[in-house]
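In the working numbering, the protein residues as written are 1 to 446. All C-beta atoms in this analysis are idealised placements derived from N, C-alpha and C, irrespective of residue type, glycine included. Data block below; observations after.
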RNA sequence: GCGGGGAUGGCCCAGUGGUACGGCGGUAGCCUGCUAAGCUAUUACUCUUCGAGUACGAGGGUUCGAAUCCCUCUCCCCGCGCCA
């Protein structure tokens, strides 16, 4: 949630931020209106409560002296009715005001490109040597900032779907039978590759000062609402029936809410947390996109970076977690580009977001592998996570970034490391110690 | 799942119907010949500063008045049961 006090004092930047993101300004007007109504009702309630307290104290002293208090008592009874009514409307206003407030997006960083649509994201840099099918070269050049770091392919590599089928690594049909589309059985060496990726990423973060955790895979409504936005809530989140529990869509949510309602000491910050968890996503609203294979699925493992820090440090940390994520894909030797995501595509939480998009030779496209966001104090305020400073408690800033999302990274490996004859794919060298094998192919022995 | 005990401000803790005691720690000031002690104020949240209101795990109820009595729920501790 945004800082309501700041908004009241100086609404101009909030109007501007709303407009740049493509929201109507009336989001803010609506809030301010409700806020005023709420304040009036609150004032009214306080005055009445005060009256009641004063009278109640009188009753107390009268009774102590043994005097009759029945006159005052009847007055108080009337007051109680009035208070009940005011409280009722106050409660309703409170809920509406809260809803209106949480719809107001975070203030944007000045470097965020101002526009709508993924195609308007601003290229930050390209890294690697991509394998590009001849027909995709124009697209590749256009989207890599005119890079010449590529090797041309005479034919298009197999899609990961075809390759998996050929190698018997994924059973989509039976998963569909028992759970539906976008589910899968991962098999044999592909499962071992997944475990290898997880272990590699966990070690990577552990070596860089992250405390690694496995969070609860389900969290309650308050924690989820505090850590995410309504759009994610509606499009991604599975609810557990008859329980106040929701399956997590990313370990960002339990990690962010892990410190909810706490007040940290200054010397505890910054806190770097690396989370490993399955991620459960409904993928509502993505019908027809990436329907085959394991590119877009209802569950996958993800190793996530999360940082709690002071306001002054958060922009440096955004660069740090982005650099970490980039290093991972450099080590895995997967060509990628970094984009600065434009205002119209950010969630209400994000002040700024970078995506790392890997090159997928079979698709002939850059596709998202990583999102690295600075949510400044937006998430911290919703979750009431503060730190003690010499001039009062301050809201912590929070940031998060993917390290590795397993399924997509495996697809990237299958496409970028594919053998020329389409009989399999090699494993990135950095993973060999984790997999114990160097390739997955038709002629595998085990 | 059963039985017992708990949850009070950053931390510790008192308080069984009359409006939350005290300590520690933090901050500010005073004093002090000094890495100390003492004194004073302040140290949850909200509203407009005074001031007022709210807050004793959460939500209801009884009452003029609830941390305190009643009901429901959550979490923690101990024991029993069950279980990977």
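Residue i - DSSP class collapsed to helix/strand/coil
i, result
"residue 403", "strand"
"residue 130", "strand"
"residue 187", "coil"
"residue 226", "helix"
"residue 18", "helix"
"residue 34", "helix"
"residue 1", "coil"
"residue 238", "coil"
"residue 349", "coil"
"residue 232", "helix"
"residue 386", "strand"
"residue 205", "helix"
"residue 441", "strand"
"residue 151", "strand"
"residue 333", "coil"
"residue 181", "coil"
"residue 198", "helix"
"residue 247", "strand"
Proximity below 9 Å, CB of residue i to CB of residue j
i, j, result
"residue 251", "residue 304", "yes"
"residue 83", "residue 106", "no"
"residue 86", "residue 52", "no"
"residue 361", "residue 210", "no"
"residue 410", "residue 197", "yes"
"residue 406", "residue 302", "yes"
"residue 447", "residue 244", "Since the first and last residues shown for the chain are 1 and 446, residue 447 lies out of range."
"residue 131", "residue 151", "yes"
"residue 235", "residue 283", "yes"
"residue 195", "residue 417", "no"
"residue 322", "residue 431", "no"
"residue 34", "residue 116", "no"
"residue 30", "residue 138", "no"
"residue 237", "residue 311", "no"
"residue 296", "residue 182", "yes"
"residue 324", "residue 208", "yes"
Backbone CA spacing between residue i and residue j [nearest angstrom]
i, j, result
"residue 319", "residue 259", "23 Å"
"residue 440", "residue 281", "28 Å"
"residue 413", "residue 273", "26 Å"
"residue 148", "residue 336", "14 Å"
"residue 69", "residue 59", "6 Å"
"residue 39", "residue 32", "10 Å"
"residue 313", "residue 270", "9 Å"
"residue 317", "residue 443", "45 Å"
"residue 120", "residue 328", "26 Å"
"residue 450", "residue 7", "Residue numbering for the chain in the displayed model covers 1 to 446; residue 450 lies beyond these limits and cannot be assessed."
"residue 256", "residue 275", "11 Å"
"residue 80", "residue 74", "10 Å"
"residue 463", "residue 334", "Absent from the model: residue 463. The displayed extent of the chain is 1 to 446, so no value can be given."
"residue 265", "residue 118", "40 Å"
"residue 458", "residue 36", "This structure gives no information on residue 458, because the portion of the chain shown stretches from 1 to 446."
"residue 135", "residue 242", "53 Å"
"residue 65", "residue 46", "29 Å"
"residue 353", "residue 421", "39 Å"
"residue 437", "residue 403", "23 Å"
"residue 218", "residue 380", "20 Å"
Same chain, Cβ closer than 7 Å to residue i, neighbours up to 5 away in sequence not counted
i, result
"residue 20", "108, 114, 343"
"residue 28", "11, 14, 15, 18, 104"
"residue 25", "15, 18, 19"
"residue 423", "441, 442"
"residue 41", "86, 89, 90, 93"
Neighbourhood of residue i by C-beta distance below 8 Å, restricted to the same chain and skipping five residues each side
i, result
"residue 122", "113, 339, 340, 342"
"residue 72", "55, 58, 59, 62"
"residue 468", "Lying outside 1 to 446, the shown extent of the chain, residue 468 is not represented and no answer is given."
"residue 22", "116, 343, 344"
"residue 155", "133"
"residue 125", "145, 337, 338"
"residue 160", "293, 294, 295, 362, 410, 411, 414, 415"
Nonlocal neighbours in the same chain, by C-beta distance under 6 Å from residue i, ignoring five residues either side
i, result
"residue 463", "As shown, the chain starts at 1 and ends at 446. That puts residue 463 outside it, with no answer to give."
"residue 378", "106, 349"
"residue 455", "Lying before the first or after the last residue shown, residue 455 is absent from the chain, which here runs from 1 to 446."
"residue 184", "170, 172, 175, 294"
| message | Would the region 154-172 count as touching the region 373-392 if we require 3 or more Cβ pairs under 8 Å? | response | In short, these stretches do not touch, since the Cβ pair count stays below three.
| query | Taking one C-beta from the region 361-375 and one from the region 346-353 each time, how about it: are there three or more such pairs within less than 8 Å? | reply | These segments touch.
| Taking three-plus beta-carbon pairs below 8 Å as touching, is the region 284-295 in contact with the region 208-215? | Contact between the region 284-295 and the region 208-215 is not established, with fewer than three Cβ pairs separated by less than 8 Å.
| task | Tell me, please, whether the region 135-148 touches the region 356-372 by the rule of three or more beta-carbon pairs shorter than 8 Å. | result | Because the criterion of three Cβ pairs below 8 Å is met, the region 135-148 and the region 356-372 touch.
| message | Check whether the region 222-230 and the region 202-212 touch, using three or more Cβ-Cβ pairs below 8 Å as the test. | response | Short answer: they don't touch.
| Counting pairs of Cβ atoms below 8 Å between the region 177-192 and the region 226-233, do you hit three or more? | With the cut-off at 8 Å, the region 177-192 and the region 226-233 do not touch.
| message | For the pair the region 399-415 and the region 295-309, tell me if three or more CB-CB distances fall below 8 Å. | response | As far as the Cβ criterion goes, the region 399-415 touches the region 295-309, which means the pair count is three or higher.
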